[in-house]
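Chemist: Have a look at this one before I ask anything.
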Amino acid sequence: MMKRCEALVIGGSAGSLDVLLKALPAMQGPLSFPIVIVVHRKHGTDSLLPDLLSSRTPMRVKEADEKEVLAAGTIYIAPSDYHLLIEQDRTFSLDYSEKVNYSRPSIDVTFQSAAEVYGDHLACLLLSGSNADGVNGLKTVKQLGGMVLIQDPATAQVAYMPAQAQLNVAIDKVLKAEEMGEFINLLSERRP
Amino acid sequence: MTLEGGLINEEQVEVLLSDLLERYGYDFTGYSRASIKRRIVRLYTLDRALSFSEFRYRINHDEAYFRRFVEQITVNVTEMFRDPDFFRRLREEVLPRLGTYPFIRIWLAGCSTGEEAYSIAILLKELNLLHKSLIYATDINPTVLERGEQGMFSLGYMRQYSENYILSGGTKDFSSYYTANYSLAKFDDELRRKLIFSTHNLVSDHSFNEFQLIMCRNVLIYFDRELQQKVLQLFDDSLEELGYLALGTKETISYAGFNNKYKRLGSEKIWRKLG
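Protein chains in written order, with my numbering: chain G, 335 to 526; chain L, 4 to 278.
Here is the structure:
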């Protein structure tokens with residue numbers, strides 16, 4: 335188990351929404367760290383996802399704004415069509431540069447950026463998906479001492495993404511959707 | 004491509020940024036670090052730099068490479084009619100109102116290769132306003148402006164641009180605005196004649212005219228708050244009363260000191276300066 339989790343970043347593509355909808359209600363907020371969610375989706379469907387996710391949790395769910403300070407207990411969604419980065423002062427930056435792995439937002443970009451800021455106080459979770467976005471990011475996370483989690487490929491709607499991670503990175507923990515909430519609760523510090 | 008963590012560290016980024024300032028007078032110190040660092044690491048990997056000192060030496064002593072460096076660390080991704088709802092608002096509300104002026108001056112700051120400049124020119128033409136308009140399209144990079152001057156974009160993008168155009172309320176045949184030439188679409192000279200491409204550095208250059216519409220989309224996201232405020236002030240100083248300021252989808256003027264002098268148009272990132 336890690337010393338102190340200061341941020342959790344979750345990446346997912348095809349088949350990841352159901353997992354999020356299942357995992358969120360099992361989380362007992364407020365968590366002692368922020369959660370950042372990067373999912374591939376079609377441009378122009380911005381407001382739907384935060385609304386949908388926020389119906390499943392009492393935690394605050396919002397789209398990440400540029401320069402916004404990451405706050406514990408809040409769930410941030412990467413806006414569509416921008417890469418989402420994290421600055422050393424733990425604020426968000428947005429970036430409209432070239433797609434990475436045919437994706438913007440790219441999971442790799444946020445994983446890598448978070449790893450450089452949070453180092454061994456970061457946990458990253460890669461869910462179901464049909465391309466390998468996120469795998470390189472997990473490598474960086476691992477390299478810098480962070481915790482690497484994936485959805486169990488056997489239970490993923492589209493196994494490719496977590497399976498690629500498993501082939502390329504030493505995974506700390508493989509989780510089924512119904513185990514994720516509880517695992518995330520354990521990462522959170524419980525104050526008496 | 005793998006962007007290895009730790010290939011270039013925070014201090015090295017600062018070293019490069021201060022080199023650029025001291026040696027070339029380009030001030031990137033107000034840029035958000037995460038994005039610029041990612042761009043620097045990307046270029047470092049792309050150009051297979053042998054070491055940081057070799058990379059740094061090249062930037063400082065090879066002027067052609069310095070230009071490549073500046074072009075590569077700034078983001079030049081753009082599209083025609085990106086965010087169709089935004090362009091619809093320009094077409095239906097903003098530009099027709101500007102049409103009541105005898106002469107229309109528009110500033111596109113951070114125009115990159117000019118796709119938005121041509122988009123605006125098409126709107127003006129369809130509204131019968133192009134003959135009395137001038138669009139000043141500026142960017143920090145001379146290289147991207149040269150491409151804008153040529154008005155040639157990859158033919159492969161035209162399908163997407165045509166879709167955007169239709170979604171933004173366009174009713175003409177989009178392909179009537181360009182001629183296909185091998186893999187390129189060359190846009191009509193009639194549009195091109197109303198565009199003035201010129202270098203302008205938002206960090207260090209001053210206001211150069213008064214405009215009725217200033218558009219600067221997805222540029223401020225790369226700046227820190229202080230620089231954002233400075234640039235917004237520059238826009239305010241360059242905008243006529245009752246003129247319009249248009250920003251990117253995720254940008255705002257809400258933290259600028261002059262916020263209360265402006266009124267927002269619906270849900271779009273367009274603000275009108277009050278009289």
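Here a beta-carbon is modelled for each residue, glycine too, at the ideal position from N, C-alpha and C.
Which residues does DSSP list as the beta-bridge partners of Tyr139 of chain L?
Modeler: Position 136 of the second sequence, counted from the start, is the residue given in the question as residue 139 of chain L. Note: Tyr139 of chain L sits in a beta bridge opposite L:Trp110 and L:Ile199.
Chemist: Quick one: is Leu383 of chain G near chain C, going by C-beta distance under 8 Å?
Modeler: Among the protein chains in the structure shown, which are G and L, there is no chain C.
Chemist: Buried or exposed for Lys473 of chain G, going by 16 or more other Cβ atoms inside 10 Å?
Modeler: As a position in the first sequence, residue 473 of chain G is number 139, starting the count at 1. Answer is buried; the Cβ neighbour count reaches 16.
Chemist: Taking 8 Å as the CB-CB cut-off, is Ser440 of chain G touching chain L?
Modeler: Sequence index remark: in the first sequence, residue 440 of chain G carries index 106 (1-based). No - not a single Cβ of chain L is within 8 Å of the one on Ser440 of chain G.
Chemist: For the stretch 53-63 of chain L against the stretch 110-125 of chain L, do three or more pairs of beta-carbon atoms, one drawn from each stretch, fall closer than 8 Å, so that the two count as touching?
Modeler: Because the criterion of three Cβ pairs below 8 Å is not met, the stretch 53-63 of chain L and the stretch 110-125 of chain L do not touch.
Chemist: Using 8 Å as the Cβ pair cut-off and three pairs as the minimum, do the stretch 216-224 of chain L and the stretch 239-259 of chain L touch?
Modeler: As far as the Cβ criterion goes, the stretch 216-224 of chain L touches the stretch 239-259 of chain L, which means the pair count is three or higher.
Chemist: Among residues of its own chain, excluding the 5 on either side of Ser366 of chain G, which ones have a beta-carbon nearer than 6 Å to its beta-carbon?
Modeler: For the purposes of this step, residue 366 of chain G is taken as the residue at position 32 of the first sequence. Ala406, Ser522 and Glu523.
Chemist: Taking 8 Å as the threshold (beta carbon to beta carbon), is Asp429 of chain G in contact with chain L?
Modeler: As a working mapping, residue 429 of chain G is identified with position 95 in the first sequence. Cβ-Cβ to chain L under 8 Å: yes for Asp429 of chain G.
Chemist: Go through the stretch 196-267 of chain L residue by residue and report every complete run of the alpha helix (DSSP H) that reaches 4 residues or more, in order.
Modeler: Fully enclosed alpha helix (DSSP H) runs of 4 or longer: 228-241.
Chemist: Go through the stretch 442-471 of chain G residue by residue and report every complete run of the beta strand (DSSP E) that reaches 3 residues or more, in order.
Modeler: Listed in chain order, they are 456-460.
Chemist: Taking all protein chains shown into account, decide if Glu340 of chain G is buried (16 or more other Cβ within 10 angstroms of its Cβ) or exposed.
Modeler: Sequence index remark: in the first sequence, residue 340 of chain G carries index 6 (1-based). By the neighbour-count rule (16 or more Cβ atoms within 10 Å), Glu340 of chain G is buried.
Chemist: Can you have a look at Lys266 of chain L and say buried or exposed, based on whether 16 or more other CB atoms are within 10 angstroms of its CB?
Modeler: One-based indexing of the second sequence puts residue 266 of chain L at position 263. Classification for Lys266 of chain L: exposed.
Chemist: Please return the same chain residues whose Cβ sits closer than 6 Å to the Cβ of Leu268 of chain L, not counting the five positions on each side in sequence.
Modeler: Residue numbering aside, residue 268 of chain L sits at position 265 when the second sequence is read from its first letter. So the list is empty, once near-sequence residues are dropped.
Chemist: Is the stretch 153-170 of chain L close to the stretch 94-108 of chain L, with three or more CB pairs under 8 Å?
Modeler: Contact between the stretch 153-170 of chain L and the stretch 94-108 of chain L is absent, because fewer than three Cβ pairs lie under 8 Å.
Chemist: Would you mind reading off the limits of the beta strand (DSSP E) that contains Phe58 of chain L?
Modeler: In the second sequence, counting from the first residue as 1, residue 58 of chain L sits at position 55. Phe58 of chain L -> not in any beta strand (DSSP E); alpha helix (DSSP H) instead, spanning Phe55 to His64.
Chemist: I want to see whether chain G comes within less than 8 Å of Glu243 of chain L, judged by CB atoms only; does it?
Modeler: Translated into the one-based positions of the second sequence, residue 243 of chain L becomes position 240. So no, Glu243 of chain L is outside the interface.
Chemist: Please state if the CB of Val469 of chain G and the CB of Lys476 of chain G are separated by a distance shorter than 8 Å.
Modeler: Indexing the first sequence from 1 puts residue 476 of chain G at position 142. Indexing the first sequence from 1 puts residue 469 of chain G at position 135. The answer is no: Cβ separation not under 8 Å.
Chemist: Where are the alpha helix (DSSP H) runs, 4 residues long or more, that stay fully inside the stretch 363-445 of chain G, in chain order?
Modeler: If we require 4 residues or more, the alpha helix (DSSP H) runs fully inside the stretch 363-445 of chain G come out as 382-388.
Chemist: Step through the CB atoms of chain L and report whether any lies within less than 8 Å of the CB of Gln485 of chain G.
Modeler: Counting from one through the first sequence, the residue named residue 485 of chain G turns up at place 151. So no, Gln485 of chain G is outside the interface.
Chemist: At the level of alpha carbons, what is the spacing between Phe445 of chain G and Asp467 of chain G?
Modeler: The residue labelled residue 445 of chain G in the question sits at position 111 within the first sequence. The residue labelled residue 467 of chain G in the question sits at position 133 within the first sequence. Each residue's alpha carbon lies about 10 Å from the other.
Chemist: Taking contact to mean at least 3 C-beta pairs separated by less than 8 Å, is the stretch 454-465 of chain G in contact with the stretch 492-501 of chain G?
Modeler: Verdict: yes, contact present.
Chemist: What are the boundary residues of the beta strand (DSSP E) that Lys281 of chain G is part of?
Modeler: No answer is possible for residue 281 of chain G: it lies beyond the span of chain G, which begins at 335 and ends at 526.
Chemist: Give the DSSP-derived three-state secondary structure of Val78 of chain L in the structure shown.
Modeler: Looking up residue 78 of chain L in the second sequence gives position 75. Of the three classes helix, strand and coil, the one that applies to Val78 of chain L here is coil, per DSSP.
Chemist: Check the Cβ of Val78 of chain L against every Cβ in chain G and list those closer than 9 Å, keeping chain order.
Modeler: In the second sequence, the residue the question calls residue 78 of chain L occupies position 75. Residues of chain G passing the Cβ test: Asp429, Tyr430, Ser431 and Glu432.
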